[in-house]
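full-length UniProt numbering puts the sequence shown at residues 1 to 296.
For glycine and all other residues, C-beta sits at the position ideal for the given N, C-alpha and C.
Below is one structure, written out as structure tokens, with a few remarks after it.
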Amino acid sequence: MSKARRRKTFLVALAFILPFFILYTVFTIWPVIQGFYVSLHKWGLMGKQDFIGFDNYAKFIGDKNFWGALWHTTFFTLITTPMLVVTAMVLAMLANRATKIKRGLRVIYYLPSILSVSVASFIAKYTFAPYTGLLNGVLHSLGILPQDAELQWMQDPNLVWFTISLMTVWWTIGFPMLLYLSALQDISTDIYEAASIDGATKTQQLFRIVLPLLKPTTWLVFLLQMIGCFKVFGQIYLITGGGPASSTRPLIQYIYENAFEKNNMGYAASMSYVLFGILLVFSLGQQLLQRRGEDK
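In structure tokens, the structure reads:
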């Protein structure tokens, strides 16, 4: 290829890439740089006040509310991520079966994902509300819950996390289910036929063929859901407001409160970068474990 042709190819490629690169720089890279700059200052809603270096980063070390919010976020991630991964896999297997209703199942499983967080949270509040809620009503009608008793799904500290996690799984299960469904459809039917000829049962095919072949998808779903759970804010804020007694306040809500209620944008920005660092470490660790698993 001549130099003129190579130069023309380069310019054409640059013309396609440049608009995206400019937009990505303006709306992603520059805000990241600007956010770090804000974290080094005492910064209010009216703008910069004073340069304080890394004092904002040192401040959260002794901030009990920060560590409490971080633990709430971590706890939510620990209980919700496995639920999402397992439930998405099971639903994908059900939707992949050769039945007449498989298309209907796929629509039903994915449908909650199109709802906004406000609509999904309103449905959850109605479902889990005491006295008038759907779930307590069903438990009463089945005789599981006495008529004079009401479960406080959103006020009881022992039940509230179950409520939030169940709502999150129901609301967000559609996308990971589709990822698993796509992976299942990529498995050739010849593999199942060969396994059946060799005498493998359905259970053996599941554990010896399906699950190992789904391992890359499982790693991907696990990583995406872990990151998504660590960024939880909307449903908790709308369902419990971080209560009862701040027992469900996640880290992003605490960042929001410091930024917009306490007028401390610099401290909020520093906590945002701590959260970014945590997610980066988890993501790199997950990638490392995945590579080690693939090498074995």
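Length of the line joining the Cα atoms of residue i and residue j
i: Lys215; j: Gln287; result: 13 Å
i: Gly174; j: Ser113; result: 6 Å
i: Phe16; j: Gly68; result: 47 Å
i: Glu257; j: Gly285; result: 30 Å
i: Pro212; j: Glu193; result: 17 Å
i: Ile171; j: Met89; result: In the sequence under discussion, the amino acid at residue 171 is Trp, which differs from the Ile named in the question. In a straight line, the C-alpha of Trp171 is about 15 Å away from that of Met89.
i: His41; j: Phe60; result: 15 Å
i: Arg5; j: Ser182; result: 40 Å
Run of the alpha helix (DSSP H) containing residue i, from where it starts to where it stops
i: Lys3; result: 3 to 24
i: Lys125; result: 117 to 128
i: Lys60; result: Per the sequence shown, the amino acid found at residue 60 is Phe instead of Lys. Phe60 -> no alpha helix (DSSP H), and no H or E assigned at all.
i: Pro216; result: 215 to 230
i: Asn136; result: 134 to 141
i: Asp156; result: Looking at the DSSP string, Asp156 is not in any alpha helix (DSSP H), and its letter there is neither H nor E.
i: Gln204; result: 202 to 205
i: Thr163; result: 160 to 172
i: Ser113; result: First-last for Ser113: undefined, no H or E at that position.
i: Ser196; result: 189 to 197
i: Leu238; result: 234 to 239
Inter-residue CB distance, residue i and residue j (contact presumed, cutoff 8 Å)
i: Met93; j: Leu184; result: 7 Å
i: Leu238; j: Val85; result: Wrong, their Cβ atoms sit about 25 Å apart, outside the cutoff.
i: Thr73; j: Phe260; result: The Cβ separation is near 19 Å, so there is no contact.
i: Gly266; j: Trp43; result: 4 Å
Residue range of the beta strand (DSSP E) that includes residue i
i: Gly68; result: Careful: Gly68 lies outside any beta strand (DSSP E), inside the alpha helix (DSSP H) at 64 to 96.
i: Gln49; result: 47 to 51
i: Lys262; result: Premise fails: Lys262 is in no beta strand (DSSP E) and is neither H nor E.
i: Gly44; result: 41 to 44
Option nearest residue i by Cα separation, candidates the options
i: Trp153; options: Ser141, Gly174, Lys125, Gly285; result: Lys125
i: Phe222; options: Ala13, Ala4, Thr81; result: Thr81
i: Ser272; options: Arg7, Gln205, Gly234, Leu70; result: Leu70
i: Asn263; options: Ala149, Ser283, Gln49; result: Gln49
i: Leu78; options: Thr203, Ile108, Phe162; result: Phe162
i: Asp156; options: Val281, Thr240, Ala88; result: Thr240
i: Phe122; options: Leu280, Gly104, Ile236, Val26; result: Ile236
i: Tyr37; options: Asn56, Tyr24, Gly104, Thr87; result: Asn56
i: Arg97; options: Gly243, Arg292, Thr189; result: Thr189
i: residue 299; options: Ala149, Ser165, Tyr24, Gly199; result: Nothing about residue 299 can be reported from this structure: the residues present for the chain run from 1 to 296 only.
i: Val169; options: Arg208, Ile191, Leu220, Phe76; result: Phe76
i: Val274; options: Val232, Leu134, Phe66, Ile22; result: Phe66
Buried versus exposed, by CB contacts within 10 Å (16 or more), residue i
i: Phe128; result: buried
i: Val160; result: buried
i: Leu251; result: buried
i: residue 375; result: Nothing about residue 375 can be read from this structure; the chain reaches only from 1 to 296.
i: Leu91; result: buried
i: Ser270; result: buried
i: Gln204; result: exposed
i: Phe51; result: exposed
i: Ser39; result: buried
i: Ile255; result: buried
i: Thr28; result: exposed
Closer than 7 Å to chain C by CB, residue i
i: Leu115; result: Given the protein chain composition of this structure (a single chain), no chain C is represented.
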